[in-house]
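Asker: Protein chains in written order, with this note's numbering: chain A, 1 to 443; chain B, 444 to 917.
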């Protein structure tokens, strides 16, 4: 039976004996040394944050909306321009929408029925501050109060499970994963061959005989009792969890062999390689840690106030190149590569991915070949369990709010609720604090 | 004049700087509370020639176009060298405060090998205790900010709202008044203020002087906070800097950075200190003097109430222990440099010159996760086990460590806890003592401070102390 370290400390009333310290961490020992066995009941959820405010209107393009062309004289795609690099149309079947030409891989997944596109996703009285709006999405609370929505889920569902049942890959732990009780680790990728290599409590290489004494001393001092909810308490817990979990994680992920080739060598871009590498780390954990349940990766840089399209060479006019195209290609290629890897490992049925961004961008482009902060935008939910297609309603560009932004059509909390209820087996009302209608893309 | 105990002086130096040796703490203590603060904030009169010499011997920034000697890594090494070697600790700490406040990233402002970020850093340092209006105007007119928040593309008829929004939300007032909770501005104020800054630009050749493109500036009437007029960008900065909401927001940020995490119950305190700003012509120096000499700053609540920022962790561990950072040099041949401090800080979540976004870093628990904690433990291990004192890097010698030891294990542990805080660690003191008295096979051994023990167990002891939860606090 798994034991929660907090319970353990309580039971031992501070009299911690080093040899008795039992980490709440990680998988059952039987799982070590091999890839995780196939299990149709595994429900893994990956969040992909598009940070900075993704330009939804140039991601899912409403090319038949006459206002689109007039509001986007330089940035807008014409129907004839909705073709990927191979010349294949990125228009979504008979619908009046097309994917950005950079997203050819996501288009192939859409055509295979693996992608739900949720249109006009936002919330009432939108806030145009990056930070506030990110916190609104992270907490699923319109006042941005409280811990993260998946942190609350983890508090309800993951306590007592492996410490690697939820993992963030990136620079810092995102608000979405802030929890009250469950400590979710964030792993910062190391450069070099093994991105997990620094994930260890290191000791003096000159005196390997002292290592056990070092680690035992560390365990003892970091399992002392500190005042509840103090910084010291959180630090001690995270520090202890880091040391215990790291060793087991590094051993486990060595059992992974990639099933496909991931992007390397700055092709098609350094950003694409970095993003795909983070997804590969997720694949390593999914295929080796049976308890793996929640993941989070970030793709940043979407705040394109200027030069959203093109490069110096084309005087910033080529819509198939430039900052936004590079990011959408990174997203599309990364997701497809990761999906193919999961399929090669026989776990594609077990994983659902969701993108989100704190807001879309203003329909009317600015004079800098860019766009300012907007409101709602489309989101993608991807996976074999997903009923592919379009959900919600494309906001009409003839019906903008007083600031010139679109009016949202689908509350983001309905997207969350659907995933909680139909995929993660949770009670969305208790996680989100209110009842939100499910959208039909799962279940 | 209020006295200043050793522990209070150590607290003051850890917060207003990065911490120091017993000699530095004793010196501050002898000056009393007001005298010590006066000494720290009048840093211009502290002799810093040793650091200047080190910088001259370690960096060649004579030609910023030479990206082998001037680049993004080099300016980071330059700043860490300053923080680790300066005698004017508050100067660097206040620069860090402003870097977080006007958070600008080299990931976007990458022109000229990072020159604009370097120049902004110097601007923040040179004006760190000026009138707030003056500092804000200089920052706003500096190329780094004009690029960072798209001022360059904010032109007549096509305003770009990025700067106009963050100026209010992050740099001055915040969305809501810290004390009254009232909304400070509307979306329309953002649009109108963006118009006031249209046409702001800089000359494209060195020294990249600020200029206004008159034909791109909107000379129309703007209505800001209910007042109509042909306001310029400078007018807007003057108007905002005089608003009590700006004084309160700045005070709130200073308290959170230097004193303790502020709660709703502290509104009265914030309002009281905000008045120091308003009553002293917006003097940052008088505001920080009031804060650092206050009973709030020296209250029990303030001691060790913040989580150490990565920069504080990295720099403090060297300064408190009397260790060495040899930055290496691009002046001498062969070129050999150490980027250890900047890399460690980045891995712990604080990449200087590259805050995550315009709101700066997330403090306290924002620094704490399993990965960042491992980085702290492992930086400590790397620092304590680096015995190669002939190449650039961060290290402490056996002789230095031996000088802190005592003959008994208990006194030795206490000496190091004193040196690295002073820290009060309860039961851990006994655990650390047991560590000193345990051999490779777990069997008890007798502690002596001979050279072999210092090289093995004292280095291990300091690694352990730096891995304690107590050492992560400031």
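Glycine residues also receive a C-beta, built at the ideal position from the N, C-alpha and C atoms.
Rounding to the nearest angstrom, what Cα-Cα distance links residue 764(B) and residue 198(A) in this structure?
Answerer: Each residue's alpha carbon lies about 25 angstroms from the other.
Asker: Are the CB atoms of residue 170(A) and residue 501(A) within a distance shorter than 8 angstroms?
Answerer: For residue 501(A) there is no data in the structure shown, the boundaries of chain A being 1 and 443.
Asker: Starting from the Cα of residue 819(B), find the closest Cα among 551(B), 805(B), 832(B), 916(B) and give me that residue.
Answerer: Of the listed residues, the one whose Cα sits closest to residue 819(B) is 916(B).
Asker: Can a CB atom of chain A be found closer than 8 angstroms to the CB of residue 657(B)?
Answerer: So no, residue 657(B) is outside the interface.
Asker: What does residue 355(A) pair with, by DSSP beta-bridge criteria?
Answerer: In DSSP, residue 355(A) forms a bridge with 48(A).
Asker: Taking only runs that begin and end inside the region 624-648 of chain B, name each unbroken alpha helix (DSSP H) of 4 or more residues, in chain order.
Answerer: Complete alpha helix (DSSP H) runs here, min 4: 630-639.
Asker: Short check: CB of residue 252(A) to CB of residue 215(A), under 8 angstroms?
Answerer: Contact: no.
Asker: Could you pull out every residue in the same chain whose Cβ sits closer than 6 angstroms to the Cβ of residue 259(A), ignoring the five residues on either side in sequence?
Answerer: Same-chain partners within the cutoff: 341, 344, 345.
Asker: Give the secondary structure of residue 549(B) by DSSP, where H, G and I count as helix, E and B as strand, and everything else as coil.
Answerer: Residue state, collapsed to three classes: coil.
Asker: Between the C-alpha atoms of residue 147(A) and residue 195(A), what's the straight-line distance to the nearest angstrom?
Answerer: Approximately 29 angstroms, taken between the alpha carbons.
Asker: State the CB to CB distance for the pair residue 182(A) and residue 168(A), rounded to an integer number of angstroms; the pair is presumed to be in contact (CB under 8 angstroms).
Answerer: Their Cβ separation, rounded to whole angstroms, is 13 angstroms, which puts residue 182(A) and residue 168(A) out of contact at 8 angstroms.
Asker: Which residue or residues does DSSP assign as beta-bridge partners of residue 295(A)?
Answerer: Note: residue 295(A) sits in a beta bridge opposite 46(A), 167(A).
Asker: Rounded to whole angstroms, what is the Cα-Cα separation between residue 359(A) and residue 50(A)?
Answerer: Straight-line Cα distance between these residues: approximately 10 angstroms.
Asker: Does the beta carbon of residue 809(B) come closer than 8 angstroms to any beta carbon on chain A?
Answerer: With 8 angstroms as the cut-off, residue 809(B) counts as an interface residue toward chain A.
Asker: Going by DSSP in three states, residue 799(B) sits in which element: helix, strand or coil?
Answerer: The answer is coil: DSSP assigns residue 799(B) none of H, G, I, E or B.
Asker: Between the Cα of residue 110(A) and the Cα atoms of 158(A), 388(A), 83(A), 245(A), which residue gives the shortest distance?
Answerer: Nearest C-alpha to residue 110(A): 388(A).
Asker: For the 8 angstroms Cβ check, are there 3 or more pairs between the region 687-706 of chain B and the region 635-643 of chain B?
Answerer: Cβ pair count under 8 angstroms is below three, so no.
Asker: Three or more C-beta pairs under 8 angstroms: does that hold for the region 583-594 of chain B against the region 639-653 of chain B?
Answerer: Touching, yes, given that three or more Cβ pairs across the two stretches are closer than 8 angstroms.
Asker: What is the residue span of the beta strand (DSSP E) that residue 670(B) lies within?
Answerer: Where residue 670(B) is concerned, the enclosing beta strand (DSSP E) stretches over 670-672.
Asker: Can you pull the DSSP bridge partners for residue 750(B)?
Answerer: Per DSSP, 916(B).
Asker: Buried or exposed: residue 688(B), going by 16 or more other Cβ atoms within 10 Å of its Cβ?
Answerer: By the neighbour-count rule (16 or more Cβ atoms within 10 Å), residue 688(B) is buried.
Asker: So residue 235(A) contacts chain B; which residues on that side make the cut at Cβ distance below 8 angstroms?
Answerer: The contacting residues are 750, 811, 816, 912, 915, 916.
Asker: What residues of chain B sit near residue 133(A), judged by a beta carbon separation below 7 angstroms?
Answerer: Neighbours of residue 133(A) on chain B: none; closest Cβ ~12 angstroms, over 7 angstroms.
Asker: Among residues of its own chain, excluding the 5 on either side of residue 418(A), which ones have a beta-carbon nearer than 7 angstroms to its beta-carbon?
Answerer: These residues qualify, in order along the chain: 438, 439, 441, 442.
Asker: Looking only at its chain, what residues have a beta carbon closer than 6 angstroms to the beta carbon of residue 803(B), apart from the 5 residues adjacent to it on each side?
Answerer: The residues are 543, 546.
Asker: For residue 565(B), which residues does DSSP report across the bridge?
Answerer: Residue 565(B) pairs with nothing; no bridge assigned.
Asker: Whole beta strand (DSSP E) runs in the region 100-177 of chain A with 3 or more residues, listed along the chain?
Answerer: As far as the region 100-177 of chain A is concerned, its whole beta strand (DSSP E) runs of at least 3 residues are 115-122, 166-169.
Asker: I want to verify the contact list: residues of chain B whose CB lies under 7 angstroms from the CB of residue 220(A), in sequence order.
Answerer: Result: 874.
Asker: What ranges does the alpha helix (DSSP H) occupy inside the region 47-101 of chain A, keeping only unbroken runs of at least 4 residues that lie completely in it?
Answerer: For the region 47-101 of chain A, whole alpha helix (DSSP H) runs of length 4 or above, ordered along the chain, are 66-71.
Asker: Tell me whether residue 778(B) sits in a helix, a strand or coil according to DSSP, three-state version.
Answerer: Here residue 778(B) sits in coil by DSSP.
Asker: So residue 136(A) and residue 153(A) are supposed to be a Cβ contact under 8 angstroms. How far apart are they, rounded?
Answerer: Contact doesn't hold; Cβ gap of about 17 angstroms is too wide.
Asker: Beta carbons nearer than 8 angstroms to chain A: which residues of the region 840-858 of chain B have them?
Answerer: Per Cβ criterion, the list is empty.
Asker: Excluding the five sequence neighbours on either side, which residues of its own chain have a C-beta within less than 6 angstroms of the C-beta of residue 593(B), listed in chain order?
Answerer: So the qualifying residues of the chain are 603, 605.
Asker: Which residues of chain B have a Cβ atom closer than 9 angstroms to the Cβ of residue 316(A), listed in chain order?
Answerer: Chain B residues near residue 316(A): none, gap ~11 angstroms exceeds 9 angstroms.
Asker: Of all the CB atoms in chain B, is at least one closer than 8 angstroms to the CB of residue 185(A)?
Answerer: Residue 185(A) counts as touching chain B.
Asker: Give the residues of chain B in contact with residue 306(A), contact being defined as C-beta atoms less than 7 angstroms apart.
Answerer: Within chain B, the residues near residue 306(A) are 593, 596.
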